[in-house]
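See structure below.
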Ligand SMILES: [Zn+2]
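Residue numbers (our numbering): 155 to 832.
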């Protein structure tokens, strides 16, 4: 996600790969392979281990990864596919303008000799400029310049997105920001793990300041200044759980009204400095207290300290793309956070970068080579079957009144589905890519995207845009567009396979489709109506019944412990856990409408229902480094794989029947204690 995208755009992805191969395989594949399972574990003891135990035991995490599982293996395939496409494009004769642009970007990115020679030259000018700023007014102005040039985004985030209360219009949104570590907890909590990471982060800053010409003592002083300032900023940030409340994030101000609250930040001046051409009637601030706090900091913190802070932002944002001493220091810092043993190879970092920057160009090449268009037809069919199953479940709900039900159904029927790749590709008009100017290409791409974003203001909503590139192994729901989106990259086994039986496809991509649909009805999504506006359509008693059930899910996941003392944050992961439970329930119902769902015919020793649940669990299998697991538990709105597998199952009656789970089994929950929502 690019940095100017904002907290207000409520988008829920399946996770925090090339597509279906065009060649149909002739070898018969075992979609449920007992060799991956651990048949010594009883399904009711730990279904995840029963379904995946041998795979988990025998599958190491590659040294350049922090996690390895079904998603990661497909992402690796996507990455290799992009590499092949980029290498071909770089060698191509140049008569195809699309290939020339991605090929030239890749050539420039892989020319490490040229990048080594530059050292920190690409950012030197900015660092010099900052050194000569002589007042806080100049600091503020330069901050805006850095942001408008997409060099660095200090203090807060700002960008254009749909207005959550009138989704037919774009509006400027301002969100909290200003820190480097992954979450405010990293600054504010005092256990040993955070202390070590803060020490490593300080060392990272020292290294970068030294690489940019400071002596050891000055570099250390600078690092301490930045750490203190960022810690102060972190104190004013809302927590991730608070940020899950869309009403709380919607605070509308006029430009002058906002300036009254933040006298040191004059938005009348700031907006034109950021490139906004007309004065808007209003803007949205997700955390007004944060801006007021930043405003007071501007007065309190000294001019030299602000300059140090600005310099750090410039260095930090450029470090992963500069010469190897910068890249190595950046890796050491990431290593401290995630435990990753070896640096990701350059080709892979650069393929990912180009996919993020020029996704609609590289995506076209990807889709041409790897996407089987029949998959789109089959997916549409699955989506419609899931929709029918969801509809019949809503009609049968015993906790929702007949008054609210038609509104729920209206929302369900208003879903837009996007499958595979965008109908309309961006052409990046005016963006210049040179074969020998990596940093320049990167800057121009960021700049192009920045301007594309701010120029949306006043224009009609572009409904064709995608928030993920075609090769991405993921899916998402957008509340403001009321749309569910499935990139080509996820339409592969274990999610989807043309040759697989329905149990596999419904337990895989079917549950993913159901998951994205349920996001429209999770604790956040349910607050948006059929067109995407943040507008309540619930009777109070229905809302209370929903909350009661959602609270049970919060409790359930709070009870899951990883790494001794760390436990899943039930409130942070609520939306995803609701989506998993709803998604799996709906997919199961849709599966039962198929021919295989109605039969009892075993395949490879398993009944249709067993295969459905086994594939669901197979999707979530992974091995993860403890450091990465600890980071995700704080920052990821998704629960760890084992709990994504097992959590919903404990609430689904059919699971108990399929595997004969009985009272006394660790996964057993009495029928009256099972949470049933969608
Ligand atoms: Zn999700």
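Each residue gets a CB set at the ideal place from its N, CA and C atoms; glycine is no exception.
Three-state class that DSSP yields for residue i in the structure shown
i, result
"residue 571", "strand"
"residue 177", "Residue placement at residue 177 is poorly supported in this model, since its pLDDT is 45, which falls under 50; the coordinates still yield a value, given next. Reduced to three states, the DSSP call for residue 177 is coil."
"residue 322", "strand"
"residue 775", "coil"
"residue 582", "coil"
"residue 309", "coil"
"residue 460", "helix"
"residue 446", "helix"
"residue 521", "helix"
"residue 499", "coil"
"residue 814", "coil"
"residue 479", "helix"
"residue 650", "coil"
"residue 409", "helix"
"residue 455", "coil"
"residue 274", "coil"
"residue 293", "helix"
"residue 286", "coil"
"residue 489", "helix"
"residue 474", "helix"
"residue 760", "strand"
"residue 424", "helix"
"residue 316", "strand"
Straight-line gap, residue i to residue j (C-alpha atoms, nearest Å)
i, j, result
"residue 278", "residue 362", "13 Å"
"residue 321", "residue 391", "26 Å"
"residue 606", "residue 575", "20 Å"
"residue 260", "residue 487", "26 Å"
"residue 730", "residue 675", "11 Å"
"residue 469", "residue 274", "9 Å"
"residue 231", "residue 777", "18 Å"
"residue 531", "residue 542", "17 Å"
"residue 630", "residue 686", "15 Å"
"residue 330", "residue 375", "26 Å"
"residue 528", "residue 652", "9 Å"
"residue 157", "residue 460", "Legend: pLDDT at residue 157 = 35, less than 50; position of this residue unreliable, value from coordinates given subsequently. Their Cα atoms are separated by approximately 21 Å."
"residue 594", "residue 749", "57 Å"
"residue 379", "residue 302", "25 Å"
"residue 638", "residue 667", "8 Å"
"residue 709", "residue 826", "16 Å"
"residue 406", "residue 283", "35 Å"
"residue 644", "residue 716", "28 Å"
"residue 808", "residue 640", "27 Å"
"residue 306", "residue 598", "14 Å"
"residue 670", "residue 210", "27 Å"
"residue 757", "residue 718", "39 Å"
"residue 799", "residue 400", "28 Å"
Contacts around residue i, its chain only, beta-carbon distance under 8 Å, and the 5 residues preceding and following it disregarded
i, result
"residue 503", "474"
"residue 602", "582, 584 and 585"
"residue 265", "590 and 592"
"residue 558", "691, 692, 693 and 696"
"residue 848", "Residue 848 lies beyond the stretch modelled for the chain, which goes from 155 to 832, so this question has no answer here."
"residue 492", "220, 779, 781, 782 and 785"
Any C-beta of chain B under 8 Å from that of residue i
i, result
"residue 579", "Reference to chain B is not applicable here, since this structure consists of a single protein chain."
Contact set for residue i: own chain, Cβ-Cβ below 6 Å, skip 5 residues either direction
i, result
"residue 768", "186 and 205"
"residue 788", "337 and 339"
"residue 441", "330 and 392"
"residue 203", "192 and 195"
"residue 175", "Note that residue 175 has pLDDT 44, beneath the 50 cutoff, so the model's placement of it is unreliable and no number is given."
Sheet register partners of residue i (DSSP bridge)
i, result
"residue 740", "DSSP lists no partner for residue 740."
"residue 721", "715"
"residue 222", "777"
"residue 682", "688"
"residue 330", "310"
"residue 378", "BP columns for residue 378 are empty, so no partner."
"residue 639", "572 and 630"
Cβ shell of residue i (< 7 Å), same chain only, five flanking positions each side left out
i, result
"residue 711", "722, 724, 727, 731, 793, 797 and 801"
"residue 354", "487 and 490"
"residue 360", "373, 374 and 377"
"residue 766", "657, 660, 661, 742 and 745"
"residue 561", "691"
"residue 290", "452, 457 and 460"
Any residue whose CB is nearer than 6 Å to a heavy atom belonging to ligand 1, listed in chain order: Ordered by chain, the residues meeting the criterion of a beta-carbon within less than 6 Å of a non-hydrogen atom of ligand 1 are 166, 167, 168, 669, 673, 730 and 733.
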